[in-house]
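Visitor: For reference, the structure I am asking about is given below.
Number of protein chains: 4
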Amino acid sequence: MSESKPLFDEAIQNLLESLKDEKDMTEKQQRIIASAIEIIAEKGFNGSSTSEIAKNAGVAEGTIFRHFKTKKELLYALVGPMLIKFASPLIMKDVIRIIESEAPAEDVLQSLYENRLDLITENLPRVKILMQEALFHPEIMDSILNNLARQGRALGDNFVTERIESGEFRPLPTNGITRAIFSTLLGYFVFSQAFPEEKGEDDVEVIIDILLNGIKERHGD
Amino acid sequence: MSESKPLFDEAIQNLLESLKDEKDMTEKQQRIIASAIEIIAEKGFNGSSTSEIAKNAGVAEGTIFRHFKTKKELLYALVGPMLIKFASPLIMKDVIRIIESEAPAEDVLQSLYENRLDLITENLPRVKILMQEALFHPEIMDSILNNLARQGRALGDNFVTERIESGEFRPLPTNGITRAIFSTLLGYFVFSQAFPEEKGEDDVEVIIDILLNGIKERHGD
Amino acid sequence: MSESKPLFDEAIQNLLESLKDEKDMTEKQQRIIASAIEIIAEKGFNGSSTSEIAKNAGVAEGTIFRHFKTKKELLYALVGPMLIKFASPLIMKDVIRIIESEAPAEDVLQSLYENRLDLITENLPRVKILMQEALFHPEIMDSILNNLARQGRALGDNFVTERIESGEFRPLPTNGITRAIFSTLLGYFVFSQAFPEEKGEDDVEVIIDILLNGIKERHGD
Amino acid sequence: MSESKPLFDEAIQNLLESLKDEKDMTEKQQRIIASAIEIIAEKGFNGSSTSEIAKNAGVAEGTIFRHFKTKKELLYALVGPMLIKFASPLIMKDVIRIIESEAPAEDVLQSLYENRLDLITENLPRVKILMQEALFHPEIMDSILNNLARQGRALGDNFVTERIESGEFRPLPTNGITRAIFSTLLGYFVFSQAFPEEKGEDDVEVIIDILLNGIKERHGD
DNA sequence: CATGAATGAGACTTCATTCAT
DNA sequence: GATGAATGAAGTCTCATTCAT
Chain L
448 MSESKPLFDE
458 AIQNLLESLK
468 DEKDMTEKQQ
478 RIIASAIEII
488 AEKGFNGSST
498 SEIAKNAGVA
508 EGTIFRHFKT
518 KKELLYALVG
528 PMLIKFASPL
538 IMKDVIRIIE
548 SEAPAEDVLQ
558 SLYENRLDLI
568 TENLPRVKIL
578 MQEALFHPEI
588 MDSILNNLAR
598 QGRALGDNFV
608 TERIESGEFR
618 PLPTNGITRA
628 IFSTLLGYFV
638 FSQAFPEEKG
648 EDDVEVIIDI
658 LLNGIKERHG
668 D
Chain C
448 MSESKPLFDE
458 AIQNLLESLK
468 DEKDMTEKQQ
478 RIIASAIEII
488 AEKGFNGSST
498 SEIAKNAGVA
508 EGTIFRHFKT
518 KKELLYALVG
528 PMLIKFASPL
538 IMKDVIRIIE
548 SEAPAEDVLQ
558 SLYENRLDLI
568 TENLPRVKIL
578 MQEALFHPEI
588 MDSILNNLAR
598 QGRALGDNFV
608 TERIESGEFR
618 PLPTNGITRA
628 IFSTLLGYFV
638 FSQAFPEEKG
648 EDDVEVIIDI
658 LLNGIKERHG
668 D
Chain R
448 MSESKPLFDE
458 AIQNLLESLK
468 DEKDMTEKQQ
478 RIIASAIEII
488 AEKGFNGSST
498 SEIAKNAGVA
508 EGTIFRHFKT
518 KKELLYALVG
528 PMLIKFASPL
538 IMKDVIRIIE
548 SEAPAEDVLQ
558 SLYENRLDLI
568 TENLPRVKIL
578 MQEALFHPEI
588 MDSILNNLAR
598 QGRALGDNFV
608 TERIESGEFR
618 PLPTNGITRA
628 IFSTLLGYFV
638 FSQAFPEEKG
648 EDDVEVIIDI
658 LLNGIKERHG
668 D
Chain W
448 MSESKPLFDE
458 AIQNLLESLK
468 DEKDMTEKQQ
478 RIIASAIEII
488 AEKGFNGSST
498 SEIAKNAGVA
508 EGTIFRHFKT
518 KKELLYALVG
528 PMLIKFASPL
538 IMKDVIRIIE
548 SEAPAEDVLQ
558 SLYENRLDLI
568 TENLPRVKIL
578 MQEALFHPEI
588 MDSILNNLAR
598 QGRALGDNFV
608 TERIESGEFR
618 PLPTNGITRA
628 IFSTLLGYFV
638 FSQAFPEEKG
648 EDDVEVIIDI
658 LLNGIKERHG
668 D
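Residue numbers (the numbering used here), protein chains in the order written: chain L, 448 to 668; chain C, 448 to 668; chain R, 448 to 668; chain W, 448 to 668.
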């Protein structure tokens with residue numbers, strides 16, 4: 448990892464704190480969070496009113512502001528835990544172990560995809576919100592870039608470099624391959640979200656097949 | 448094209464009409480459109496106020512509503528022309544010609560990517576708005592699905608089927624390959640938008656290289 | 448008539464002038480007036496927009512303001528002629544002749560009712576507007592009071608006094624009888640307007656019959 | 448009563464509910480209602496702004512919309528209770544008792560007038576609003592027709608028919624007499640409202656005297 | 001802690017009126 | 001004279017936020 452001292456800005460600090468809270472939350476707070484996730488995922492942050500969120504959560508409107516100073520802080524409390532889950536040392540160690548294993552690339556990627564996709568599909572509405580609102584809230588975008596993206600990029604580059612050196616991958620630009628891996632994943636995810644009815648059962652496997660087949664070197668194949 | 452009678456719903460009808468208008472628009476209308484594109488692309492539809500759009504366009508707020516009955520109609524006037532440009536018969540013919548040519552897949556995809564990417568990058572803010580707001584406005588999503596997606600899917604499947612039959616592509620599921628092509632494109636695009644600073648010069652080529660290498664059959668390679 | 452010098456205030460002056468105009472009006476002006484009558488009678492003055500009136504008249508919105516300085520002046524131009532028709536010396540002479548005739552009260556009232564009801568039913572929408580808007584525009588109410596009401600009251604009192612003196616009417620308070628005559632008329636009119644479906648053929652005659660039967664002295668009946 | 452199942456339409460249902468509320472209203476709600484009555488009676492519904500009503504009530508404009516979803520609902524909350532008071536079974540029983548008594552018509556009508564006039568003069572501004580706005584809001588007019596008018600008409604016709612049969616009233620058309628009674632009352636009321644300065648002390652009595660004298664049979668008089 | 005009435009800034013929209021063409 | 005685009009004040013209504021209970 449080239450960036451060993453990620454700049455944890457204030458936003459992330461708050462997010463970290465709210466993560467800690469999420470386990471100690473009262474039942475009302477959890478209902479508010481759940482309600483907000485549901486509604487904001489459907490209508491967007493600016494399209495959702497605190498009154499609707501409160502009603503849907505079965506609490507008084509004022510109760511929201513007892514737990515979250517502002518509406519925006521409620522948003523942070525939704526997306527923060529996602530960022531932290533993705534980037535948490537605990538989970539990151541798993542990722543690092545997978546990536547640094549000597550297993551064939553197929554297995555590594557497959558494990559990686561599964562690992563990430565589980566996280567994503569379990570938290571789909573939150574991820575949707577995270578991706579949507581990152582476009583409008585620079586501080587969220589910065590958190591993603593400073594944490595997920597940077598780490599992911601570093602890990603990916605390491606992985607790709609090693610595999611190229613070992614002769615498993617074709618000697619294309621490292622950057623390009625890393626980007627290809629990530630953007631294929633991202634594209635697959637966005638595509639399935641946008642056009643759910645088009646989705647087939649074994650699409651993931653076909654796409655990984657194609658991706659790896661495209662990346663890997665052919666040894667006397 | 449399997450879908451020879453695309454369902455042009457009411458929304459699209461309105462959009463078509465507004466496209467025609469775009470060339471006859473007065474200077475004020477164009478200033479309003481330009482201002483709205485700028486602001487909505489940055490803050491989202493719900494995050495942008497008509498008063499800000501008006502101020503930025505240098506017109507009175509009331510003037511917006513002389514030209515666009517509601518704020519939503521202004522949105523349609525922004526995204527409509529994009530849909531129409533993408534789906535217009537004129538341009539579609541180009542696409543069909545490229546796809547149905549006998550050229551090697553590399554050239555076909557390269558032309559296709561360039562053709563589409565030009566359209567996209569020339570209208571980047573509009574495309575951003577289109578993609579973002581489609582998530583919150585079902586009628587926009589429907590227009591995309593009923594027009595772009597359906598056509599694209601049909602064209603792609605034809606192309607892939609032919610290439611598999613001719614032995615150029617590996618005999619993977621047609622659907623999967625088509626989806627891989629589109630989602631790779633989409634992923635590349637979303638990725639470059641989300642993390643512009645990460646973008647390299649020849650990324651497109653690397654990605655196409657990988658994609659095709661992954662898809663194509665290896666003949667005694 | 449006790450009040451021989453009616454106070455013609457400024458409002459009435461304007462109304463008089465607009466009456467003169469009504470005959471010299473261009474076709475557009477007449478279309479505007481006709482359109483305004485139609486729409487304001489249905490929706491009230493404040494509920495009608497100049498743009499709707501213009502559209503309905505087939506003229507540009509600006510054209511209204513070329514002919515009527517303000518929207519209110521347009522209202523005056525609608526109701527003014529009514530006031531003047533009701534109070535104009537020409538027509539007043541007719542009324543005076545009817546009232547001062549020696550004919551039996553039945554004939555006098557019948558003539559009077561017919562004379563007034565013709566005027567009213569021929570100009571029903573204007574009369575509706577006049578009555579409605581008088582409640583909200585004191586200057587219109589003043590015009591009515593200073594002209595119609597005062598004259599009508601004076602004429603009525605004279606008529607009633609004479610008939611009481613001649614022994615045809617019962618010696619009730621003059622005021623009361625006059626008011627009874629007018630308010631019966633008014634009630635009949637308002638009632639028929641409010642509940643048109645309840646209206647019978649010969650209602651007027653029954654009501655006059657009752658009214659006069661109630662007022663007249665019984666000579667050896 | 449011929450119409451034993453009055454059609455209580457949705458509007459009336461809402462009105463009924465709002466009546467129940469009127470007693471449980473908070474002080475602010477009552478101030479809003481009082482302020483709205485005052486201002487709308489003077490300027491009409493369309494001529495009154497919610498901001499003026501709020502200012503006059505000493506509350507924030509938003510407070511109005513916390514208690515009444517729309518401006519129109521505020522109007523309903525003003526006129527509804529009137530309709531209900533007039534038509535409420537409790538009061539209707541009084542009316543029926545009066546009308547079905549065997550007392551001479553003078554006493555019946557006098558009691559009736561007093562009973563109704565009290566109700567009206569106690570709620571004069573509301574009644575004014577009710578009558579004015581019924582002209583522009585068909586749903587209000589319908590409520591009046593379906594409730595007050597229908598009931599009143601049925602009661603009146605019964606009363607008149609009985610009195611004609613008993614020989615107390617002249618054998619004129621029942622309809623006509625009923626209409627005469629109501630429209631005389633209405634005319635008297637409208638007249639006094641329109642020209643308050645003309646009003647004398649004992650006008651009601653004179654008018655009832657004339658009305659009844661006109662309706663009643665003369666027995667060897 | 002929780003409530004929900006109250007707030008007032010600000011959102012979208014309408015409208016009477018003006019003015020260059 | 002007629003037009004209709006442009007205006008900006010004012011209208012109705014929503015909303016995040018506060019605070020007394």
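Cβ coordinates follow ideal geometry from the N, Cα and C atoms, glycine included.
1. From Arg-600(W) to Ile-546(W), what distance separates their C-alpha atoms?
2. Looking at Glu-487(C): is its Cβ nearer than 8 Å to the Cβ of Glu-499(C)?
3. Under a three-way DSSP split, which group does Lys-519(C) fall into?
4. Compare the C-beta of Gly-614(W) with all C-beta atoms of chain R and state if any pair is closer than 8 Å.
5. Leaving out five residues before and five after Glu-580(R) in sequence, what residues of the same chain have Cβ atoms less than 7 Å from its Cβ?
6. For Lys-642(C), which of helix, strand or coil comes out of DSSP?
7. At 9 Å on the CB atoms, spell out the chain L contacts of Phe-629(C), in chain order.
8. Do you know offhand how far Tyr-560(R)'s Cα is from Ser-639(R)'s?
9. From Val-651(R), Ile-484(R) and Tyr-635(R), pick the residue whose C-alpha is nearest to that of Asn-570(R); which is it?
10. For chain W, find out if any of its Cβ atoms is closer than 8 Å to the Cβ of Asp-650(R); answer yes or no.
11. Give a yes or no on whether 8 Å exceeds the smallest Cβ distance from Asn-493(L) to chain C.
12. For Phe-533(W), I'd like the list of residues in its chain whose CB is within less than 6 Å of its CB, leaving aside the five on either flank, ordered along the chain.
13. Residues of chain L with CB under 9 Å from Asp-671(C), in chain order?
14. Lys-490(W) CB to nearest chain R CB: under 8 Å?
15. Could you work out which residues of chain L lie near Leu-658(C), taking near to mean beta carbons separated by less than 9 Å?
16. Quick one: complete alpha helix (DSSP H) runs, 4+ long, within the region 566-608 of chain R?
17. Look at the Cβ atom of Ala-627(W), then the Cβ atom of Val-555(R), and state whether they are nearer than 8 Å.
18. Measuring CB to CB, does Lys-540(R) end up less than 8 Å from Glu-615(R)?
19. Helix, strand or coil, according to DSSP, for Phe-492(L) in the structure here?
20. In chain L, which residues lie less than 8 Å from Phe-515(C) when you measure between Cβ atoms?
21. How would you call Ala-550(L), buried or exposed, if buried means at least 16 neighbouring beta carbons within 10 angstroms?
22. Would you mind working out which of Lys-490(L), Thr-621(L) and Ile-480(L) sits nearest Glu-443(L), comparing C-alpha positions?
23. Give me, in chain order, the residues of the same chain whose beta-carbon lies closer than 7 Å to that of Gly-661(W); leave out the 5 immediate sequence neighbours on both sides.
24. Indicate whether at least one CB of chain R lies closer than 8 Å to the CB of Gly-623(W).
25. In its own chain, which residues sit with a C-beta less than 8 Å from the C-beta of Leu-658(W), not counting the 5 before and 5 after it?
26. How would you label Leu-633(W), buried or exposed, when you count the other beta carbons within 10 angstroms and need 16 or more for buried?
27. Under 8 Å between C-beta atoms, does Gln-557(R) make it to chain W?
28. Starting from Gln-477(R), find everything on chain W with Cβ-Cβ shorter than 8 Å and list it in chain order.
29. Around the Cβ of Thr-625(L), are there at least 16 other Cβ atoms within 10 angstroms (buried) or fewer (exposed)?
30. Going by DSSP, what residues sit across from Phe-616(R) in a beta bridge?
31. Since I believe Leu-530(W) is in contact with Ser-590(W) (beta carbons under 8 Å), could you give me their beta-carbon distance rounded to a whole number of angstroms?
32. Determine the direct distance from the alpha carbon of Gly-623(R) to that of Ser-548(R), and round the result to whole angstroms.
33. Phe-606(W) versus chain R: which residues are under 7 Å apart at the beta carbon?
34. Residues of the region 583-596 of chain C in Cβ contact with chain L at a cutoff of 9 Å, in chain order, please.
35. Please list, in chain order, the chain W residues whose beta carbon lies closer than 8 Å to that of Gln-579(R).
36. How would you write the range of the alpha helix (DSSP H) that Ser-548(C) sits in, first residue to last?
Guide: Reading from the atomic positions:
1. 12 Å
2. The residue you asked about is not Glu; residue 487(C) is Ile in the sequence shown. Not closer than 8 Å, so no.
3. helix
4. no
5. Phe-492, Leu-522, Val-526 and Ile-587
6. Note that residue 642(C) is Phe in the sequence shown, not Lys. It is coil, neither helix nor strand.
7. Gly-634 and Phe-638
8. 15 Å
9. Ile-484(R)
10. yes
11. yes
12. Leu-595
13. As displayed, chain C neither begins before 448 nor continues past 668, which places residue 671(C) out of reach and without an answer.
14. yes
15. Ala-627, Thr-631, Ile-657, Leu-658 and Gly-661
16. 571-581 and 585-591
17. no
18. no
19. coil
20. Within chain L, no residue comes near Phe-515(C); the closest Cβ sits about 19 Å away, beyond 8 Å.
21. exposed
22. There is simply no residue 443(L) to check, as chain L begins at 448 and stops at 668 in what is shown.
23. none
24. yes
25. Leu-556, Ala-627, Ile-628 and Thr-631
26. buried
27. no
28. Those do not exist, as Gln-477(R) stays about 26 Å from chain W at its closest Cβ, beyond 8 Å.
29. buried
30. Lys-663(R)
31. 6 Å
32. 22 Å
33. The premise fails here: Phe-606(W) is roughly 15 Å from chain R at the closest Cβ pair, so nothing lies under 7 Å.
34. Phe-583, Met-588, Ile-591, Leu-592 and Ala-596
35. Gln-579 and Leu-582
36. Segment: none, Ser-548(C) is in no alpha helix (DSSP H) and carries neither H nor E.
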